[in-house]
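Structure, as structure tokens:
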Amino acid sequence: MSQRHRIAVIPGDGIGREVVPEGLRCLRAAADAHGFALDFVEYGFACAGYWQRHGEMLPSDWRDVLGGFDAIFFGAVGWPEVVPDHVSLWGSLLRFRRGFDQYVNLRPVRLLRGVRSPLRDHGPGDIDFVVVRENTEGEYSSIGGRIFEGTDRETVLQETVLTRTGVDRVLRYAFELAATRPRKRLTWATKSNGIAIAMPYWDERATAMAERYPDVVASKDHIDILAAKFVLRPGQYDVVVAGNLFGDILSDLGPACAGTIGIAPSANINPDRTWPSLFEPVHGSAPDIAGRGIANPVGQIWSGAMMLEHLGETAAAAAVVAAIERVLAGRPDVHTPDLGGSGTTESLGAAIAAEITREQ
Ligand code: ATP
Ligand code: MG
């Protein structure tokens, strides 16, 4: 029986508009090859142009508009010449994450053949881990404020919020994920030797969760040494789970260790499936190279593979990743400039789509 999946597509700004079409091209190729249907509905909000016309990033009924889709395929948002980055980001993407309770931010990090890592002495296969970041609470609260302003007693407080529900659900997701991976290793990021109230609680919940997953080899690393080891010994990591702040940092550092930001994918997941999850590349709108047709589309295409996986189309998801790997390894003629080549967004996207079709 053939499945249909309804996907909301939001290209956004800058290179988002250039890489999303290549993502769609590859998704269509995967759907055709694997016998299911994808219905794409494209939306023109969450971009600078919409903000210029409406003074908002999103229509007021955005939840109703997007809430019924099976997933959201997102490009990038941000065009600082027109709208400040904090306005565009808080006005769109962060509203999706919170409004749709996408409490897991997932970033796989793999060093692929044909991609040079900035880390010396590391080759293909040496780096293969996933960062799981808590996406809704923690240090990124708006609770706090300034007192004694303008005096020499000026004091600023900002609270970290950890709830048992919020902590447990992201830990559970990470342990479940680790249990499905061959090495079954999990590391949780902490700093309980310095942050003496919030982090011991995080450790306590992680330790309790570990007891429920005896097959997973779990341990903790303090964030400072963890960051150093991402660079020095990335091969030892498998699943790395962290709260909002540490996870934010690690989920940029990780992909950077595996080469160009142009290939890194990410997913904002609502594991309970009460609302759609959102799939987007790690990179932003890159105004510096926008409009030239040279942006690397792999991060967008790989995010599409994560979306297929989430939709249950596992064979198609694996086929997309395999096609990416083969084209990066074997077709330097279509590599974009960030990979050291002279290919274009379109030539690299088309080569991957053709490989998805050929492979079938
Ligand atoms: P964000 O605001 O989303 O955090 P940013 O504005 O800090 O992102 P990006 O837009 O990701 O950063 O751009 C950072 C650098 O990486 C820029 O020099 C940009 O040209 C480059 N870059 C980003 N994405 C790509 C891509 N897909 N292909 C090639 N280069 C890219
Ligand atoms: Mg930006």
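UniProt numbering puts the sequence shown at residues 1 to 360.
The C-beta atom is built at its ideal place from N, Cα and C for all residues, glycine as well.
The model shown is predicted, which means the values in this text are computed figures rather than measured ones.
Once the 5 residues before and after residue i are set aside, which same chain residues still bring their CB inside 6 Å of it?
| i | result |
| --- | --- |
| H310 | S277 |
| L226 | A189 |
| V6 | Checking the sequence, you will find Arg at residue 6 rather than Val. Contacts found: D39, F69, D70. |
On the DSSP letters alone, give me the boundaries of the alpha helix (DSSP H) that residue i sits inside.
| i | result |
| --- | --- |
| P118 | Careful: P118 lies outside any alpha helix (DSSP H) and carries neither H nor E. |
| D64 | 62-67 |
| D168 | 164-180 |
| N244 | 244-257 |
| S303 | 298-310 |
| P200 | 198-211 |
| I263 | From DSSP, I263 is part of no alpha helix (DSSP H); its letter is neither H nor E. |
| P21 | 16-34 |
| H222 | Not the alpha helix (DSSP H): H222 falls in the beta strand (DSSP E), residues 217-222. |
| W51 | 48-54 |
| V327 | 314-330 |
| G352 | Reading off the sequence, residue 352 comes out as Ile, not Gly. Its alpha helix (DSSP H) spans residues 345-359. |
Evaluate residue i with the Cβ neighbour count: other Cβ atoms within 10 Å of its Cβ, from every protein chain shown; 16 or more gives buried, anything less gives exposed.
| i | result |
| --- | --- |
| R133 | buried |
| D13 | buried |
| H54 | exposed |
| D288 | exposed |
| I324 | buried |
| F100 | buried |
| F148 | exposed |
| I197 | exposed |
Does at least one heavy atom of ligand 1 sit under 7 Å from the Cβ of residue i?
| i | result |
| --- | --- |
| V19 | yes |
| A295 | yes |
| D128 | no |
| I261 | yes |
| T336 | yes |
| S92 | no |
| S251 | no |
| D288 | yes |
| A174 | no |
| I15 | yes |
| H86 | no |
| A76 | yes |
| H283 | yes |
Apart from the five residues just before and just after residue i, which ones in its own chain have a Cβ nearer than 8 Å to its Cβ?
| i | result |
| --- | --- |
| E56 | Y50, G91 |
| H34 | E313, A315, A316, A319, Q360 |
For the beta strand (DSSP E) containing residue i, list its first residue and its last residue.
| i | result |
| --- | --- |
| E134 | 128-134 |
| R97 | Premise fails: R97 lies in the alpha helix (DSSP H), 93-99, not in any beta strand (DSSP E). |
| S141 | Looking at the DSSP string, S141 is not in any beta strand (DSSP E), and its letter there is neither H nor E. |
| R6 | 4-12 |
| N105 | 104-110 |
What number of angstroms, rounded off, separates the C-alpha of residue i from the C-alpha of residue j?
| i | j | result |
| --- | --- | --- |
| R181 | L24 | 28 Å |
| R153 | D39 | 59 Å |
| K220 | V231 | 17 Å |
| A264 | G299 | 5 Å |
| D61 | K229 | 45 Å |
| R164 | A48 | 38 Å |
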